[in-house]
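Residue numbers for the sequence shown follow this note's numbering, so the first one is -10 and each next one is one higher.
For every residue, glycine included, the Cβ atom is placed at its ideal position computed from N, Cα and C.
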Amino acid sequence: MAAVDITQPSPGEPPAIALSKKIGEGPVVILPRVSLVIPGLNEAESLPELARRIDAALAGKEHYELIFVDDGSTDNTWGVIKQLSDDNPNIHGVRLRKNFGKAMALSAGFRKARGSIVIMMDADLQDDPADLPNFLAKIEEGNDVVVGWKVNRLDPTNRRVLSRIFNGTVGLLTGVRLHDMNCGFKAYRSEVIRTIPIYGDLFRFIPALAAAQGFRVVEVPVTHHARKYGRSRYGLERILRGFFDLLSVLFLTRYQKKPMHLFGLVGLVLAAVGFIIEAYLTALWFLGHKIGDRPLLLLGVLMIVTGIQFFSMGFIGEFLTYQSQKRQHLQDDLPIRDEIR
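If you want it as structure tokens, here you go:
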């Protein structure tokens, strides 16, 4: 098979997926610079308008690809995606076997994305494609992650209040202070997507995880529209899941590579308190007091044993971390931004 020369086009070049022109034996394949990944569940009504507005914002300015991910829709979403793909060669589709959730849908879309800049948007038309050039401009300034900030948010009051509490808590605990960490309109350099694994609902915390890896994170104001079709699937249960995920993010960003600092500290405190309790009871025993029927005796023993278990988890965590780092000790896996040769 002839070798294929793959190149990235410059901004402003006319859209083309592949050129028939040949260099040597292989055709020149021009990859898109921008990949838009848009997951959706039962969004058949909104996709045609969204595709038109994205094309109007980028056509003739950027070489882009648009990847719609059907997350197990029960309406005609997949049929609409196929029709849009037939009409526009820049549009591609991925269909999941059932509704797996946004994280899986994004992962499927990210895996298909070929651009050096990857943008995620919601499919409900609440994000405005006219803001896409602002995201690209921020990336071109040298930033790695750009998060949308819905300045004038057109959502119910209870949702805005919960979101403000959530974002304030995330900023306080992670140190990444954004007005809307949970905004579905974000842009990344492809390196960020390759570096940060996405599972569960951690996709909303990619900026915090990326900042912990040394990537530059900024935000940009975006226009927010009221939902035009369908209904929102945002509720209190999603907020509660978000706080549970926040605990996971705190662990991953602070203790992923030093688990002994967490488990060892907890184990030390528990074991120390347990030893103090047992020392106190031992002193009483020497003075002739009966201690065998005291609940404090069992509490002290329990705290010592639990402390030892936490120490053991810390050692096991350190061993696994060491083995992981040993496997990843390659030049390509190091967090290098620039290099002078």
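Shortest alpha-carbon distance to residue i belongs to which of the options?
i	options	result
residue 312	77, 269, 247, 291	247
residue 81	103, 92, 63, 281	103
residue 210	285, 116, 49, 218	116
residue 60	86, 74, 76	86
residue 208	58, 57, 127	127
residue 273	205, 286, 255	286
residue 43	306, 192, 167, 24	24
residue 201	173, 245, 176	245
residue 149	171, 206, 191	171
residue 302	293, 253, 276	253
residue 288	260, 305, 306	260
residue 192	294, 174, 205	174
residue 78	97, 99, 55	55
residue 139	120, 62, 131	120
residue 218	28, 36, 177	36
residue 243	168, 163, 255	163
residue 31	98, 62, 131	62
In the DSSP assignment, find the unbroken alpha helix (DSSP H) run with residue i in it and report its ends.
i	result
residue 59	Where residue 59 is concerned, there is no enclosing alpha helix (DSSP H), although the beta strand (DSSP E) it sits in stretches over 53 to 59.
residue 258	248 to 275
residue 153	146 to 163
residue 74	66 to 76
residue 37	36 to 47
residue 187	It is not in any alpha helix (DSSP H) - residue 187 carries neither H nor E in the DSSP assignment.
residue 96	91 to 101
residue 108	Taken as a continuous stretch (DSSP letters only), residue 108 belongs to no alpha helix (DSSP H), being part of the beta strand (DSSP E) at 106 to 109.
Exposed or buried, what is residue i when buried is set at 16 or more other beta-carbons lying within 10 Å of its beta-carbon?
i	result
residue 11	Low local confidence applies: a pLDDT of 43 at residue 11 is under 50, so the model's placement there is unreliable, and no value is given.
residue 1	Annotation note: pLDDT 47 at residue 1 (below 50); position unreliable, no value reported.
residue 70	buried
residue 185	buried
residue 94	buried
residue 236	exposed
residue 118	buried
residue 265	exposed
residue 230	exposed
residue 76	exposed
residue 49	exposed
residue 290	exposed
residue 269	exposed
Alpha carbon to alpha carbon, what distance is there between residue j and residue i?
i	j	result
residue 64	residue 215	22 Å
residue 4	residue 53	Unreliable positioning characterises residue 4 in this predicted model, as indicated by a pLDDT of 43, which lies under 50. The coordinate reading is nonetheless provided below. Those two C-alpha atoms are separated by around 8 Å.
residue 310	residue 101	30 Å
residue 73	residue 111	17 Å
residue 213	residue 122	16 Å
residue 182	residue 114	24 Å
residue 58	residue 249	40 Å
residue 189	residue 233	11 Å
residue 280	residue 263	15 Å
Locate the beta strand (DSSP E) running through residue i, then write down its first and last residues.
i	result
residue 208	206 to 211
residue 178	175 to 178
residue 28	23 to 29
residue 139	134 to 139
residue 80	80 to 84
Against chain D, with Cβ distances strictly below 8 Å, would residue i count as a contact?
i	result
residue 215	The chain inventory of the structure shown lacks chain D, comprising one protein chain alone.
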